[in-house]
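*Asks:*
Residue numbers (UniProt numbering): 1 to 291.
1. What is the rounded straight-line gap between the Cα of residue 174 and the Cα of residue 243?
2. In whole angstroms, give me the CA-to-CA distance for residue 1 and residue 42.
3. Whole angstroms are fine: how far does the CA of residue 179 sit from the CA of residue 263?
4. Is it right to say residue 241 is buried, meaning 16 or more other beta carbons lie within 10 angstroms of its own, or is it exposed?
5. Which runs of the alpha helix (DSSP H), 4 residues or longer, sit entirely within the segment 91-165?
6. Considering only the beta carbon of each residue, do residue 61 and residue 51 sit closer than 8 Å?
7. Return helix, strand or coil for residue 18, following the three-state DSSP convention.
8. Checking 8 Å against the spacing of the C-beta atoms, do residue 211 and residue 223 come in under that value?
9. Among 168, 35, 115 and 106, which has the Cα closest to the Cα of residue 201?
10. Taking C-beta to C-beta, are residue 163 and residue 252 nearer than 8 Å?
11. Along the chain, where does the alpha helix (DSSP H) that runs through residue 202 open and close?
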């Protein structure tokens, strides 16, 4: 019987049955919805069975469908584990390619990468800077650090690293400049932070200058050109060496940093190791800034 059945159609059935949606299955498989529907139709036709009840565009498994799903879960789980074990030995010797926003990379991540490497996990991090949506396949990216201020898609696997905290700062040296320095790299950033009560005094000015990145706001701020609102993770050194001083409470802006992956995290132990390290490092940063 198996020689008459397309294994591809079984995989498509497994994804539709597991996620309960042709749309979500298509996203996970990186194919069109019509391609998924065609494979399901071919499988049902070949088996001469109805595997799904279709009502108002929703899919629910029939009794035969439930039996087949139970079998597929066992077989695909074993196959998945076998493939992971076969590829794990080689993958652990290679680097992880990580995409991260420029200022967070420069001010927070890069100073810590030597420490991560010294822990001898057996792999290195190759860093690419960038923000927004990610094309993992096109850019050969394994992981990406992003804040959850945009929809990255249901087909992307995500794990929370830490909440974002921001603060108002200015140069430690007196300045007469009454200018608000704002980065436009985050969509609607100024509009969002105006809703935060703790930042009202920092934002109370009629004059503002926009920069393309937070690191430009930071440099302008240290040069005495005005004040800015910035992530606490981007100013550790500047506060430690008293190049900047805070002029507002540290507040949450309601967003969080996430580690994104094209594949499930459990499939690659390196990703889990790096995720846990990121979580620990960001917690340490929070504790240091908020002391």
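Note that the Cβ used here is the ideal one computed from N, Cα and C, for glycine as well. Owing to the predicted nature of the structure, the values given are computational and were not obtained by experimental measurement.
*Replies:* Reading it off the structure:
1. Taking the first residue of the chain shown as 1, we reach residue 174 at position 174. Taking the first residue of the chain shown as 1, we reach residue 243 at position 243. About 11 Å.
2. On the chain shown, residue 1 is found 1 positions in, with the first residue counted as 1. On the chain shown, residue 42 is found 42 positions in, with the first residue counted as 1. Cα to Cα, residue 1 sits roughly 15 Å from residue 42.
3. Residue mapping note: residue 263 aligns to position 263 of the chain shown, counting from 1. Residue mapping note: residue 179 aligns to position 179 of the chain shown, counting from 1. The straight-line gap from Cα to Cα measures roughly 44 Å.
4. Taking the chain shown and counting its residues from 1, the one referred to as residue 241 is at position 241. Exposed: under 16 other Cβ atoms inside 10 Å.
5. Qualifying alpha helix (DSSP H) stretches, in chain order: 110-118.
6. The residue given as residue 61 occupies position 61 in the chain shown. The residue given as residue 51 occupies position 51 in the chain shown. In contact: residue 61 and residue 51 (Cβ atoms closer than 8 Å).
7. Position 18 of the chain shown holds residue 18. Of the three classes helix, strand and coil, the one that applies to residue 18 here is helix, per DSSP.
8. Stepping through the chain shown from its first residue, residue 211 is reached at position 211. Stepping through the chain shown from its first residue, residue 223 is reached at position 223. Their beta carbons are not under 8 Å apart, which means residue 211 does not touch residue 223 by this criterion.
9. Here residue 201 is taken as the residue at index 201 of the chain shown, counted from 1. Nearest C-alpha to residue 201: 168.
10. Taking the chain shown and counting its residues from 1, the one referred to as residue 163 is at position 163. Taking the chain shown and counting its residues from 1, the one referred to as residue 252 is at position 252. In this structure, residue 252 lies closer than 8 Å to residue 163 by Cβ.
11. Taking the chain shown and counting its residues from 1, the one referred to as residue 202 is at position 202. Segment 200-203, the alpha helix (DSSP H) holding residue 202.
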